[in-house]
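Chains as they are written, first to last, in my numbering: chain A, 67 to 477; chain B, 109 to 492.
Just so you know, even glycine gets a beta-carbon here, dropped at the ideal spot from N, CA and C.
Below is one structure, written out as structure tokens, with a few remarks after it.
So this is what it looks like as structure tokens:
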């Protein structure tokens, strides 16, 4: 009899741990959820929705579609919206509105993206914590803080932990500031994708697969350019890649510090970049992602990184244990078993259409200064003839102007 | 008149009476503001005498290929004030006048040979027991919710109403509802699931086809979805022709000259036409050039050309864990390596597509899309 009881108890426990089992929702939680949904529905321009301190379990994704609303908690460790065992998604909170501010709260354990802002201008995210509390897992939601198709977006003083794609992911947006955030244990810590005019500074990116990424993907509404990555601490991003295959960041090798892929006019300066075991800086082309194919990629897509300027960074360590057999073999071949990749690795894809005398036009060059070397990995020929000649990278580029948010955020 | 014909005539007379019972319903009430708390405040459809009845002037319609909602059956209706009509459009939702009320009632047949209980409902495509005249036979069906789309001066407003256990009234549920139900298949298989009534904001997720203007639009009432026959009280007629006849629509060409989507279950239609109709109605409201999913570069509406835009060899943009370890949305000839059927086969929020509106897998729909992909030629050879 006792055995039977134990068995039942164990069975119940197991059932309760199942992925899709809704976490128990108390009456308090249920009435909180219903009230919050109602507040979001009834919000008017200028409304402030204050969420008091507390830990709330929600079953359904929230959404907001009214301009000019502020959602405010009592602190990123005090007001916690937990979506563990969520039964309706897709996000934790979906916003399709302008003049939106969210601050001082946490969103935990969403099944999909945590906070997605799809189409909106003047977006402020301040002091928000996004976390998947079981640590890095491929079943975690994809994106933490996810403004897409936004203009004038500020993401600051926030924390994202455990996203199975990118912790902070700004996509197809214009005029962006991402500052003073901490991104940890995500596949990509911070990713700026197909965006124009982004300043990414004073962030900490560590224990991710890749620290800070500036990417251009094909087939989208705009190609990105003009991003400045500066004064960040990007160190020990060596977590094994836990994205599902096919995801844009699944191709990022573990141990990547700052990665530019197919993006243009990217300035990387005044950062502390250390101990990223594949390389502290990687400059690469969409060809290296293994997704480029003729049928599936728009003919006008430009897969070459152009106008990339790396200077004045403080590098330390890194490059000593690249991810994957191919890169390990390449490292051993060029630098020996005990050697390391230099601070900057370029995959070697250059636009053949614009080359003259082996170099791109001046504004399209990759310029590297203050680095202990550059490796041209010769990706186009399967890494057969890598080069350590730094001369092609000895150049300067015009500096990009700072991003000015207009109107200025109110926080 | 033979005895048989006489009996038939009697039956027809009885059916017509049923259909005409709306005579004692108050006229349809268009509320130009606020959120009436009871569905019956609108007098569009009402549960009376064991039948969900349609009021006078409330015209039912069906779609060639409907959106999948956990195997729910749907009764769709449209009503307009006197003297106004919708303007025909060959591609987009008709331009409906202020005052239009569209209703969609989600219901299930009670499983055959089983007494009604609080949770069991039938998973079946058989609609033969659903109707009593133009209305629904409440002795055979279980009503879950009725959604209204109301065209007010400033645009469309969506309101979900949830039916009570007694099936006598539906109450406004602006924040939605979750009901634990059990689908029982024709062969007796049981599947527990959470039927999710969307909250008012989630209504917008699908009905705002343009995420810049954020204006709500009905999805079904387009020429290509409506261009089919309906079994009206006075006989079968093409729905576009009928709407023209009753004055609810102006400017429509003859049905033969209007676009028409395939019925996804029609064995006479081509696989391509059936799959495209299925993707159009289930995905196209978000996956169109202006919709919520225009961030993805994947468009699935009927106008999309059959190339990378519809997903052929297209790398996903923001699928995250939704790739299921697959590299491309569609790998021609290889449905099991393709992301689209993978996401259609999931019920996990964050992975499943469509993102909302279902909690179960549409097995027959997935089978259709897989067959369509299996029939495609081409390959996704990676360039270096």
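is_contact[residue i, chain E] using C-beta, thresh 8 Å
{"i": "residue 348 of chain B", "result": "Absent here is chain E; the protein component of the structure consists of chains A and B."}
Limits of the unbroken alpha helix (DSSP H) element including residue i
{"i": "residue 184 of chain A", "result": "Per DSSP, residue 184 of chain A belongs to no alpha helix (DSSP H); it is in the beta strand (DSSP E), 181-197."}
{"i": "residue 391 of chain B", "result": "379-391"}
{"i": "residue 472 of chain B", "result": "471-482"}
{"i": "residue 451 of chain B", "result": "447-452"}
{"i": "residue 179 of chain B", "result": "Unbroken run through residue 179 of chain B: none, as it is neither H nor E."}
Through-space distance from residue j to residue i, alpha-carbon basis
{"i": "residue 83 of chain A", "j": "residue 230 of chain B", "result": "Because residue 83 of chain A sits at a pLDDT of 36, beneath the cut-off of 50, its placement in the model cannot be relied upon, and the point is left open."}
{"i": "residue 244 of chain B", "j": "residue 173 of chain B", "result": "21 Å"}
{"i": "residue 279 of chain A", "j": "residue 335 of chain A", "result": "14 Å"}
{"i": "residue 341 of chain B", "j": "residue 194 of chain A", "result": "58 Å"}
{"i": "residue 87 of chain A", "j": "residue 453 of chain A", "result": "At residue 87 of chain A the pLDDT is 47, less than 50, meaning the model places this residue with poor confidence; the figure from the coordinates comes in the next sentence. When rounded, the distance between both Cα atoms is 54 Å."}
{"i": "residue 300 of chain B", "j": "residue 469 of chain B", "result": "12 Å"}
{"i": "residue 439 of chain B", "j": "residue 272 of chain A", "result": "36 Å"}
{"i": "residue 119 of chain B", "j": "residue 248 of chain B", "result": "Here the model assigns residue 119 of chain B a pLDDT of 48, short of 50, so the residue's position is not dependable and the matter cannot be decided."}
{"i": "residue 415 of chain B", "j": "residue 304 of chain A", "result": "38 Å"}
{"i": "residue 470 of chain A", "j": "residue 241 of chain A", "result": "7 Å"}
{"i": "residue 288 of chain A", "j": "residue 161 of chain A", "result": "21 Å"}
{"i": "residue 248 of chain A", "j": "residue 309 of chain A", "result": "20 Å"}
{"i": "residue 237 of chain B", "j": "residue 215 of chain B", "result": "12 Å"}
{"i": "residue 150 of chain B", "j": "residue 279 of chain B", "result": "12 Å"}
{"i": "residue 390 of chain A", "j": "residue 243 of chain A", "result": "33 Å"}
{"i": "residue 59 of chain A", "j": "residue 406 of chain A", "result": "Any answer about residue 59 of chain A is impossible in this case: the structure gives chain A only from 67 up to 477."}
{"i": "residue 413 of chain B", "j": "residue 422 of chain B", "result": "13 Å"}
{"i": "residue 454 of chain B", "j": "residue 255 of chain B", "result": "25 Å"}
{"i": "residue 393 of chain B", "j": "residue 460 of chain B", "result": "16 Å"}
{"i": "residue 294 of chain B", "j": "residue 358 of chain B", "result": "42 Å"}
{"i": "residue 437 of chain B", "j": "residue 424 of chain B", "result": "6 Å"}
Segment limits, beta strand (DSSP E) that includes residue i
{"i": "residue 299 of chain B", "result": "298-305"}
{"i": "residue 153 of chain A", "result": "Run containing residue 153 of chain A: none; DSSP gives neither H nor E here."}
{"i": "residue 322 of chain A", "result": "322-327"}
{"i": "residue 353 of chain B", "result": "Note, residue 353 of chain B: premise wrong, no beta strand (DSSP E); alpha helix (DSSP H) at 347-353."}
{"i": "residue 212 of chain A", "result": "211-222"}
{"i": "residue 250 of chain A", "result": "248-250"}
{"i": "residue 447 of chain A", "result": "No beta strand (DSSP E) holds residue 447 of chain A; DSSP gives it neither H nor E."}
{"i": "residue 417 of chain B", "result": "From DSSP, residue 417 of chain B is part of no beta strand (DSSP E); its letter is neither H nor E."}
Cβ distance (whole Å) where residue i is taken to contact residue j below 8 Å
{"i": "residue 381 of chain A", "j": "residue 437 of chain A", "result": "7 Å"}
{"i": "residue 258 of chain A", "j": "residue 290 of chain A", "result": "7 Å"}
{"i": "residue 359 of chain A", "j": "residue 152 of chain B", "result": "Not confirmed; about 51 Å, so no contact."}
{"i": "residue 183 of chain B", "j": "residue 208 of chain B", "result": "About 17 Å; that fails the 8 Å criterion."}
{"i": "residue 107 of chain A", "j": "residue 309 of chain B", "result": "6 Å"}
{"i": "residue 159 of chain A", "j": "residue 117 of chain A", "result": "With 8 Å as the limit, residue 159 of chain A and residue 117 of chain A do not qualify as a contact, their Cβ atoms being about 11 Å apart."}
{"i": "residue 80 of chain B", "j": "residue 411 of chain B", "result": "Past the boundaries of the shown model lies residue 80 of chain B; chain B is included only from 109 to 492, so the question cannot be answered."}
{"i": "residue 371 of chain B", "j": "residue 333 of chain B", "result": "Not confirmed; about 11 Å, so no contact."}
{"i": "residue 323 of chain A", "j": "residue 362 of chain A", "result": "29 Å between Cβ atoms; not a contact."}
{"i": "residue 210 of chain B", "j": "residue 156 of chain A", "result": "With 8 Å as the limit, residue 210 of chain B and residue 156 of chain A do not qualify as a contact, their Cβ atoms being about 26 Å apart."}
Taking any Cβ of chain B, which residues in the region 221-240 of chain A have a Cβ under 7 Å from it, in chain order?
-> 230, 231, 237 and 238
Given 8 Å as the limit, is there contact between the region 458-467 of chain A and the region 206-214 of chain A, that is, 3 or more CB pairs closer than that?
-> no
Evaluate the contact criterion for the region 394-407 of chain B versus the region 321-336 of chain A: three or more CB pairs, one atom per stretch, below 8 Å.
-> no
Would you list, in chain order, the members of the region 89-114 of chain A that have their beta-carbon closer than 7 Å to a beta-carbon of chain B?
-> 100, 103, 104, 106 and 107
Touch test, the region 286-300 of chain A against the region 263-272 of chain A, Cβ-Cβ under 8 Å, three pairs minimum = yes
Pull out every residue of the region 271-305 of chain B whose Cβ sits closer than 9 Å to any Cβ of chain A, in chain order.
-> 282, 283, 284, 286, 302 and 304
What are the residues of the region 122-134 of chain A that lie near chain B, defined by any Cβ-Cβ distance shorter than 9 Å?
-> 125, 126, 127, 128, 129, 130 and 131
Is the number of C-beta pairs between the region 184-193 of chain A and the region 161-174 of chain A that are closer than 8 Å three or more?
-> yes
Can at least three beta-carbon pairs, one atom from the region 414-425 of chain A and one from the region 398-405 of chain A, be found at a separation below 8 Å?
-> no
Any 3 or more C-beta pairs closer than 8 Å across the region 304-321 of chain A and the region 362-376 of chain A | no
Short-range partners of chain A found in the region 419-432 of chain B, where Cβ spacing is below 9 Å | 419, 420, 421, 422, 423, 424, 425, 426, 427, 428, 429, 430, 431 and 432
Check each residue of the region 349-362 of chain A: if its Cβ is closer than 7 Å to any Cβ of chain B, include it; give the result in chain order.
-> 353, 356, 357, 358, 359, 360, 361 and 362
Quick one: which residues of the region 165-196 of chain A get their C-beta closer than 8 Å to a C-beta of chain B? List them in chain order.
-> 176, 177, 178, 179, 184 and 185
Residues within the region 175-191 of chain B neighbouring chain A, beta-carbon criterion of under 9 Å = none
Determine which residues of the region 282-304 of chain A have a Cβ less than 8 Å from any Cβ of chain B, and write them out in chain order.
-> 283, 284, 285, 286 and 287
Check distances from the C-beta atoms of the region 212-234 of chain B to those of chain A and list, in chain order, the residues that come in under 9 Å.
-> none
Tell me, please, whether the region 292-299 of chain B touches the region 196-203 of chain B by the rule of three or more beta-carbon pairs shorter than 8 Å.
-> no
Touch test, the region 373-391 of chain B against the region 306-326 of chain B, Cβ-Cβ under 8 Å, three pairs minimum = no
Using 8 Å as the threshold, is the region 420-434 of chain A in touch with the region 370-386 of chain A, meaning 3 or more CB pairs across them?
-> yes
Assess, as a yes-or-no matter, whether the region 133-144 of chain A is touched by the region 443-454 of chain B under the definition of 3 or more beta carbon pairs within less than 8 Å.
-> no
When Cβ atoms are compared, which residues of the region 445-461 of chain A fall closer than 8 Å to chain B?
-> 445, 446 and 448
Taking Cβ-Cβ distances below 8 Å as the criterion, which residues of the region 442-474 of chain B are in contact with chain A?
-> 447, 455, 456, 457, 458, 459, 460, 463, 464 and 467
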